[in-house]
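Notes follow the structure.
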Amino acid sequence: YETFFFCLRAPFPRNMIENSMFEEEPDVVDLAKETPVYPLDPDEVVYEPRSSRLLVRGLGENDLEEEEEDYESSARLLGMSFMNRSSNLRNTSSPYTRQAPSGFCSMPSPRALVIGVFVLVLAASIAMVVYFLPRCTFTKDGCHQANSSAEVIYPKSSTGELFPWTEMRLPMSVHPLRYDLLLHPNLTTMTFQGSVSITVTAEKETKVVVLHSTDMRIIKTSFQGKELKTLEYKPWQQIAIQLEEELRPGQQYIFTLDYSANLSSSYDGFYNSSYTDTAGIKRVLAATQFEPLAARKAFPCFDEPAFKATFSIKIKREDGYISLSNMRKSKTTPLASGLFQDEFETSVNMSTYLVAFIVANMSSVGRNVSETQVSVYAVPDKKDQTLYALDAAVKLLAFYNTFFGIKYPLSKLDLVAIPDFLAGAMENWGLITFREATLLIGNHSSTLDKQLVTSVIAHELAHQWFGNLVTMKWWNDLWLNEGFATYMQYMSIGKVFPELEIGNEFLSTRFQALAKDSLNSSHAVSAVANTPEQVAEMFDSVSYEKGASILVMLNSALPDGNFQKGIIAYLNKYKWSNAVNQDLWSTMSSVTSQSFDVVQMMSTWTLQKGFPLVTVTRDGPRVKLSQEQFLLAAEQPPDIDRHLWQIPLTYINNSCSNSSACKNLFILKEKTGKLQIAASVKWLKFNYKNEGFYVVDYGVDGWKTLIDALRNDVNVLLPEDRAVLINNIFALSRLGKVSFRQVLNLLDYISNETEAAPITEALVQLEDIYRLLDKRQDLGLVARMETYITDHFGTLMDSQSWEMETSVSKQTLRSALLETSCRLGRQNCRDKAMKLFNQWENSNGTKQIPGDLMRAVFSVAAQSDSGWKTLLSSYKMSLHDSEKRRMLEALASTPDVRKIVILHAGLQGSDIQTPELPRIVRAVCQNFGGYLFAWDFVKQNWIQFPIGSFSLQSIIMSTTSQFSTQLHLDEVRDFFSTLKDGSSQMRVVDEAMETIKLNLRWMEKNVETLRRWL
Ligand SMILES: [Zn+2]
């Protein structure tokens, strides 16, 4: 699925380097300085939890008392202890953790056996060696035993009988060919009845068919006119159909399963969603979200991406609703019961996670692109906001049809805005689902909103090729889907919508990927993903943004046009099928002309985590280059020296620096390398436009020549390259390679800077530090930092216009500057913001606030009691999602702790829809008074999002990444160590701990420098 913390974030300046990775949409921070500690009137806080949606720490009732003692806090005093703790949603959603705690090596005997068979039968040895062996090598115990023991131990099924399969992955003995699925959702009882007939072909003799199914009641399993017994093993979400006679290889068989289930209330599977329309009537609908592992919640199936099959779907619905699925509807039959049955054409061959269906009351607009009918659907109240998306989708589809040289293969493509949707968007083949905010554009929307919507559409459309047509074999290579879709989204927008100026956004996205990948908690692009939690965690910045970044790097190292040629060849070779990492590089290599080995080079970027720091030392015409891992770690791991990358280094110099024609290429394959340049060259700048995925240190002299050059004339480098220097020098300061004094030296040129990319990068970095100081309540330094920012950016802040502005880069620039300015409390900014707010309020909504300024304006307004109340009532009334989000962020940025009850509104999902909770938490955390409070809230309610999900990742990083004291480090560690639901195994927990340690270390090292130099 599209987490779209990435895409949602897209058009906005980056947030704090550590915590922005998982966020949906960072903004530049709340710098509110007040630290109110109001005694709270408990009567003001009255809420009833929506119990079905609550997911609390997986603790037994008895454990709770003790746990709660530990987490007693101000949040508790607010009356939050009512939170429902009985939900077992998490129990069911994360069974693997308890059963098989540490992945591959944890259940040695049966796995070893099965793997042996697997390797022989499939000859998938390359993948096995690459992905599985290293894991064992680095694991202390288990693997050796695995090899010596071959005894199979079957688990017990839910009825107590032995379950005839011992692997989390399904057996390869049968393959599905076709599913005939009939569904009848009941939107009154929130249940559904289903019947699925699965045609399979046997690959070898077997008396058991194992497939996925979870949270459903199997009523009857039929095979060749007989009823068969079905066993269930819940922890692995599998069922096994036991046969009396063996299936014969090469033969086809049909199994039919009748079942019933509840419509899910957790945003995955076949789930129910609701919204209130303009008439105040509550409306319900049912929709699906299957990626990665939830198709099995809607129908029994072989729920792994390599099991492609065709799907023929029928849906029974009431009058007054429509139903949609991947394919075009072929007919509708009225039934005796008064219901209608819609039947859809048989699908193309596809993976289960791409199947989708919706039953809802929706309106649409449509247009044709060659043979494809493109439609955009929304709830009737919002039909007028669908036209922009239709236009964007039509243009992008035409572009991709040409670019890939393979036509989109279905006769229709629907884009649907779902009112209550957790992911950002989901690329279901032919039926792409979106949040309303990522698809709808109203007359309140700014160009930045259009940039967001266009990005998400471009990303999802790219998936119709990368992901749908060619699918990764397994989730470990998720980046083949997500890295490519992310790359294509920026590339296509650059070509089709140049006015959206997407380049800066992509640059800042790649900076974020570097930040995330510099931590020891990062992982290789192609990484082990066995348990459902590990699969969920693959949807992160590494798969998306680093994946896209290394594609940019490869593209820039290849002769023009070769990259496109390579991906077309890859798509043609693997279409309708599955691929692994290696397949991509081999295909690329075979069709492109290059001076280096693509497979070897790119493997160093996909199979090991992290990225290199390249150090440049110059002695006249001789340039010495060396590489080491750029690793921000509280403790250096012992194997750090082992990492080596094949780096396509690019560089420019003072005689030619402003176009790609100036770019030179040098492949650094070894630890060190040498380069000859003319002795007359004054300065060198590496990593042209940050097309490479590495950081460069020029040494004291090298930095000095670059800084001098910029002070003389900022235009000696492109704005992107100036932003890269700013980004790299802050990164090096974090690493301890350059002093903070040098950082400030570079920033001295910034008073001559007027471009969005370098300015926003500098602000992001400075505010990062500012916020840490603020949270430490180091008031003296906070004041000096404010003065520093004002001295360097004040003139530019004051010269920004508050009128409507069409240029994207100007919007980006001014929104970053003005939000900072207002947060710093600069009177000029606050006055102008309040003036706009008052005009807007008094005009009854007819006088608009420019979309890019809403955040600044609303945040200032929300500081006052009356402004806050106005925003809250406007929030409830507004039909425009982009406007609503700005309001919500402003509401959550209040310095008044009493108003942070808004967190609970988000948790309940009544006035504020639950998927917005991560956004609220983040906004609260950026406020000084709020951030400790939010941490308490998280501990108390140990939120309802599934383990590993991006929402939970975002919430954890928002709440913890601004800690920089030992006390907080201990507290966070203690909290996670007490969790018994497997969530402490999450990668993001490591990331959170590491980030706090690094903050702590940075502060210890640099506070004195700051005192001296600021
Ligand atoms: Zn995607």
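Residue numbers (the working numbering): 5 to 1018. Where a beta carbon is used, it is the ideal one built from N, C-alpha and C, also for glycine.
{"Query": "Which runs of the alpha helix (DSSP H), 4 residues or longer, sit entirely within the stretch 594-635?", "Result": "602-610"}
{"Query": "Near Gln197, what residues of its chain come up, given a Cβ to Cβ distance below 6 Å and the 5 sequence neighbours on each side ignored?", "Result": "His188, Ser264"}
{"Query": "Can you give the Cα-Cα distance for Thr376 and Leu473, rounded to whole angstroms?", "Result": "16 Å"}
{"Query": "Name the residue from Gln633, Ala996, Gly551 whose alpha carbon lies nearest to the alpha carbon of Asp974.", "Result": "Ala996"}
{"Query": "Determine contact between the stretch 214-228 and the stretch 330-340, defined as no fewer than three beta-carbon pairs at a distance below 8 Å.", "Result": "no"}
{"Query": "Confirm the yes/no value for this check: CB of Tyr4, any heavy atom of ligand 1, distance under 8 Å.", "Result": "In this structure the chain extends from 5 to 1018, so residue 4 is not present and cannot be described."}
{"Query": "Report yes or no: do the stretch 288-299 and the stretch 353-364 share at least 3 C-beta pairs separated by less than 8 Å?", "Result": "yes"}
{"Query": "Measure the C-alpha to C-alpha separation of Ser522 and Thr999 and round it to an integer number of angstroms.", "Result": "11 Å"}
{"Query": "Is it buried or exposed, Trp580, if we count other Cβ atoms within 10 angstroms and call 16 or more buried?", "Result": "exposed"}
{"Query": "So Ala683 and Pro625 are supposed to be a Cβ contact under 8 Å. How far apart are they, rounded?", "Result": "4 Å"}
{"Query": "Roughly how many angstroms lie between the CA atoms of Asn1003 and Ala927, to the nearest whole one?", "Result": "20 Å"}
{"Query": "Taking three-plus beta-carbon pairs below 8 Å as touching, is the stretch 671-687 in contact with the stretch 542-555?", "Result": "no"}
{"Query": "What residue range is occupied by the uninterrupted alpha helix (DSSP H) comprising Pro536?", "Result": "536-541"}
{"Query": "For Gln1026 and Met354, I'd like the C-alpha separation in whole angstroms.", "Result": "A query on residue 1026 cannot be resolved here, the shown segment of the chain reaching from 5 to 1018 and no further."}
{"Query": "By how many angstroms is the C-alpha of Val500 removed from the C-alpha of Val584?", "Result": "30 Å"}
{"Query": "So the candidates are Arg991, Thr513, Ser878; which of them puts its Cα closest to the Cα of Val768?", "Result": "Thr513"}
{"Query": "What did DSSP end up calling Arg890 once you bin it into helix, strand or coil?", "Result": "helix"}
{"Query": "Identify whether Pro40 lies in helix, strand or coil by the three-state DSSP scheme.", "Result": "Bear in mind that the predicted position of Pro40 carries a pLDDT of just 33, short of 50, making it too unreliable to give a figure here."}
{"Query": "Need the endpoints of the beta strand (DSSP E) that His216 sits in, please.", "Result": "210-216"}
{"Query": "If you drop the 5 nearest sequence neighbours on each side, which residues of the same chain put their C-beta closer than 6 Å to that of Arg332?", "Result": "Glu349, Ser415, Lys416"}
{"Query": "If you draw a straight line from the alpha carbon of Trp1017 to that of Gln944, how long is it in whole angstroms?", "Result": "41 Å"}
{"Query": "Could you compute how far the alpha carbon of Pro99 sits from the alpha carbon of Trp946?", "Result": "Any reading at Pro99 is ruled out, since the residue's pLDDT is 30, under 50, leaving its predicted position unreliable."}
{"Query": "What do you get for Pro168, buried or exposed, if any count of 16 or more other CB atoms within 10 angstroms of its CB means buried?", "Result": "buried"}
{"Query": "Please report the residue range of the beta strand (DSSP E) in which Val742 lies.", "Result": "Premise fails: Val742 is in no beta strand (DSSP E) and is neither H nor E."}
{"Query": "Rounding to the nearest angstrom, what Cα-Cα distance links Ser269 and Thr260 in this structure?", "Result": "27 Å"}
{"Query": "Considering only the alpha carbon of each residue, which of Met606, Asp323, Ser958, Asp985 lies closest to Asn190?", "Result": "Asp323"}
{"Query": "Is any non-hydrogen atom of ligand 1 found closer than 8 Å to the C-beta of Tyr548, if you look at the structure I gave you?", "Result": "yes"}
{"Query": "Taking the straight line between their C-alpha atoms, what separation do you get for Trp707 and Ser526?", "Result": "29 Å"}
{"Query": "Helix or strand or just coil, what does DSSP make of His972?", "Result": "helix"}
{"Query": "So is the beta-carbon of Glu431 under 8 Å away from any non-hydrogen atom of ligand 1?", "Result": "yes"}
{"Query": "Starting from Met176, trace the beta strand (DSSP E) both ways and give me its first and last residue.", "Result": "Premise fails: Met176 is in no beta strand (DSSP E) and is neither H nor E."}
{"Query": "If you reduce the DSSP assignment to three classes, tell me which class Thr1013 lands in.", "Result": "helix"}
{"Query": "Quick one: using the 10 Å Cβ neighbour count with 16 as the cut-off for buried, is Lys779 buried or exposed?", "Result": "buried"}
{"Query": "From the DSSP output, in three-state form, read off Gly798 for me.", "Result": "helix"}
{"Query": "Taking the DSSP output, what are the residues bridged to Phe344?", "Result": "Arg321, Pro338"}
{"Query": "Tell me which same chain residues have a C-beta within less than 6 Å of the C-beta of Asn576, skipping the five on either side of it?", "Result": "none"}
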